[in-house]
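Residue numbers (the working numbering), protein chains in the order written: chain A, 1 to 356; chain B, 1001 to 1356. The beta carbon of each residue, even a glycine, is placed where N, CA and C say it ideally should be. Quick caveat: nothing in here was measured; it's all calculated off a predicted structure.
Number of protein chains: 2
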Amino acid sequence: MELTERKKKILRAVVERYIQTAEPIGSRALQELTGLNVSSATIRNELADLTELGYLEQPHTSAGRIPSPKGYRLYVNELMEEQRLSLEETRQINDALHLKMRELDKVIDQAGRMVSQLTNYPAFALAGNPKRPTIKRFDLILVDSASFIAVVMTDGNLVKNKLFRLPTDLSEPQLQLLTTLLNTAFVGKTLDQLTPELMRVAEHAAGGSYGLISLVVSFAMEVLDSLENSAVYTAGTSHILDHPEYQDVGKAQKLMAYLSEEQTIAQSLALPALNDDGAKILIGPENVAEELKDSSVVLASYDIGDGMKGVIGVVGPTRMDYAKVAAKLSYVADGLSKLFGTPELPPAGPAKEKEE
Amino acid sequence: MELTERKKKILRAVVERYIQTAEPIGSRALQELTGLNVSSATIRNELADLTELGYLEQPHTSAGRIPSPKGYRLYVNELMEEQRLSLEETRQINDALHLKMRELDKVIDQAGRMVSQLTNYPAFALAGNPKRPTIKRFDLILVDSASFIAVVMTDGNLVKNKLFRLPTDLSEPQLQLLTTLLNTAFVGKTLDQLTPELMRVAEHAAGGSYGLISLVVSFAMEVLDSLENSAVYTAGTSHILDHPEYQDVGKAQKLMAYLSEEQTIAQSLALPALNDDGAKILIGPENVAEELKDSSVVLASYDIGDGMKGVIGVVGPTRMDYAKVAAKLSYVADGLSKLFGTPELPPAGPAKEKEE
DNA sequence: CTTTAGCACTCGGGGAGTTTGAGTGCTAAA
DNA sequence: TTTAGCACTCAAACTCCCCGAGTGCTAAAG
């Protein structure tokens, strides 16, 4: 059954007011808020209907109404106006997006912090890749006769390195041989495919090369592993204490505990949202996790490039300002996609050349 | 004035009991706890003296006594027995110290988390270097005609890399030239010494090389910069809610806000402790930061190698279990020092060789 | 001089009772 | 269908009072 215009107007007023004040709204207050030219008694009748239909709740008989999760849902789906960010706000975000370090982890971490600061809610951010990562190339750099740097690059164009110090001497040709060997034997393999079997074969081919193969490969495996179980960065968890619904320390504690279970967040919350575009809003009981049953989550996904995607999200009371949060989150997500979309090197290089 | 043995015994009992229960201790309870064969009245007299001397406090006239910061200080200095960790505990720490990734940032982050989990208090960890870092060597790896990887190694043997994609073509000899150039012009320089002046000279020497110099150098500068302003990792902030002294949300919030000001922690708390060995304990008002005036901090420093040091610390109520926390922290710090002290490569390499 | 028993006193915490006021639901009239 | 009016409800805030743990003081005993 479709609601009448007037009912919608009232529902909307209740939601918006409650988002601001966190207090039940009574019929009298609604008279003014809605601007409807009807008496409070009429509004009371409407409120009774809306309560009957499950859009509103009453903390106790003699209190005003507050939105139920169902009410929020209707509000988010139909009543909420797209919030436009102010110039000030977009400028702020744009500034913050000018991150110095472009290391993937750091950028994601920073993005999470930024969102948390922007919204005043706890936030999290992570990257996830749909396909299993593989190594694309190996390089070994001789530092001195007793140490070398291994550089591995994944198919997602992520580059990692590690310095190895050896108890024995090492020569350039030796390293070259190793490099070729690594590149022929292990490129394009996923983590599971790097079997001990394969290692043994390659090690044998390496001859007397000190088991260096296994060292570098196990480093590569660490890299692949950390990529598959991508880290979740949380930020601003203390913000939940700002909101009256978490004045009860017990509740705050539960939510915080949940937020520090990073793997759970990744699996159950963020990853399912990877492929949804735009902002996704999960209200109270719509959340799978028990700990989030009376909180809400807003998620947005962004493109990292090379098929990788990421998710940033915000957690807060069901009473959170969905319009604003969703707008900010989407804006940041877009910004990140653009950031990753542009080549690392702005074509400033050639421009700098004097001679044209 | 030196306290009598009996007074010390009483003070100690008060502190230890209060650490457990967070409740004021009365004279009757102390009769049992101390094992002294005197009446409660006698103890009351002693308590009055200790209060007079500033070692104890009374929340209100008709309550028992709790230790004052001065009392804690005496306890920590003279009365506290070195806590020995149980086998179970050392095993737990040793296990946790077997970290997979040996990337510096991650290790430090992990260490902080571990300590927090171990002690049930919020913890932080950071690395700091006394001397200004410089770049030790540059390497450039050609990936394909339009991209290359820059690898820089600092004097602290930290290696960082970055992938550059270019709008133009690139050749191996070109890269080699660049590498030599970079290594002659910029090695051994601190951040300030990498002046625009120097850059211009080097760029000029590079001839038509597309301003690549400045790209790589500015990456190097980022690395140096991030090394100088080393990150602070905090973990387990939600643990403060476990303790009754922070049931007051306002207090918890203040402390949490402080803990998220990572730069402040670094500057005012951790860095001063860099060169103190062993555990350092700061009780309540001994802290410089206003926000910590009624909390305590335990710090321990560890060696990273190459002259770099790090600090891990724990923040909690003044009532925290100093003996246990200090013991755990020292143990972890030692473990970290050892971890960094041993070469990256366990000499397992040669051992793996079949043919001897 | 120290220790002890005894006793009056203090003060926070918790429970019961009361008041207040915002807000409701219902009814009867417009 | 809307409105005015009115009785009713209930949480929150306040007051009052009791309880008991614990103190400080005094006077006597060691």
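When DSSP states are grouped into helix, strand and coil, B:G1128 belongs to the strand group. When rounded, the separation of the alpha-carbon atoms in B:T1061 and B:K1008 is 23 Å. Apart from the 5 residues on each side of it in sequence, B:P1173 has no Cβ closer than 8 Å to any other Cβ in its chain. Residues of the stretch 1008-1021 of chain B whose Cβ lies closer than 8 Å to any Cβ of chain A: none. Residues of the stretch 1234-1250 of chain B that bring their beta carbon within less than 7 Å of a beta carbon in chain A comprise T1237, S1238, L1241, Q1247 and V1249, in sequence order.
Annotation for B:L1163: I1149 place their beta carbon closer than 6 Å to its own, counting only its chain and skipping 5 residues before and after. Around the beta carbon of A:G71, a 10 Å sphere encloses 16 or more other beta carbons of the protein chains shown; the residue is thus reported as buried. Put simply, the CB of A:I149 is near chain B, with a gap under 9 Å to one of its CB atoms. Each of B:G1026, B:P1059 and B:R1200 was checked against the Cα of B:S1218, and the nearest Cα belongs to B:R1200. Annotation: B:L1194 is outside any alpha helix (DSSP H) and is labelled neither H nor E by DSSP.
Rounded to the nearest whole angstrom, the C-alpha separation of B:I1066 and B:A1323 is 18 Å. Annotation: A:A111 has no Cβ neighbours in chain B at a cutoff of 9 Å; minimum Cβ distance is about 16 Å.
With fewer than 16 other Cβ atoms inside 10 Å of its own Cβ, A:G35 counts as exposed. A Cβ-Cβ separation of about 7 Å places B:R1132 in contact with B:L1191 under the 8 Å criterion. In this structure, A:L259 keeps its C-beta atom at 9 Å or more from the C-beta atom of A:V298.
In this structure, the alpha-carbon of A:Q31 lies about 32 Å from that of A:Y121. Counted as a single uninterrupted DSSP element, the beta strand (DSSP E) harbouring B:R1165 occupies residues V1159 to R1165.
Assigned with DSSP and collapsed to three states, B:L1085 falls in coil, not helix or strand. Only R137, D139 and I141 from the stretch 126-142 of chain A bring a Cβ to less than 8 Å from some Cβ of chain B.
For A:Q83, not one C-beta of chain B is nearer than 9 Å to its own C-beta.
Going by C-alpha positions, A:V187 is about 5 Å away from A:K136. Taking the beta carbon of B:M1199 as reference, no residue of chain A falls within 7 Å; the closest one sits roughly 11 Å away. Distance check between A:T342 and each of A:D303, A:E57, A:I10 and A:A123 places A:D303 closest, using alpha-carbon atoms only.
Membership of A:K309 in the beta strand (DSSP E) is indicated by the continuous run M308 to P317. At a cut-off of 9 Å, the C-beta of B:S1260 has a neighbouring C-beta in chain A. Of the candidates A:K251, A:A231 and A:K160, A:K160 places its Cα closest to the Cα of A:V216.
Each residue's CA atom was taken as its position, placing A:A266 and B:G1284 some 38 Å apart. The stretch 199-282 of chain A contains, as complete alpha helix (DSSP H) runs of 4+ residues, the segments 212-228 and 249-260 (chain order).
Annotated three-state conformation of A:Y121 is coil, per DSSP. In the DSSP assignment, the residues bridged to B:P1067 are B:L1056.
Annotation: the continuous beta strand (DSSP E) that includes B:V1143 extends over I1135 to D1144.
If you draw a straight line from the Cα of B:N1287 to the Cα of A:L74, it comes to about 51 Å. Annotation: the continuous beta strand (DSSP E) that includes A:F148 extends over S147 to T154. The secondary-structure analysis by DSSP pairs B:I1025 across a beta bridge with B:R1065. Going by DSSP, B:G1284 is part of no beta strand (DSSP E) at all; its letter is neither H nor E.
Bridge pairing for B:S1301: B:V1311 [DSSP].
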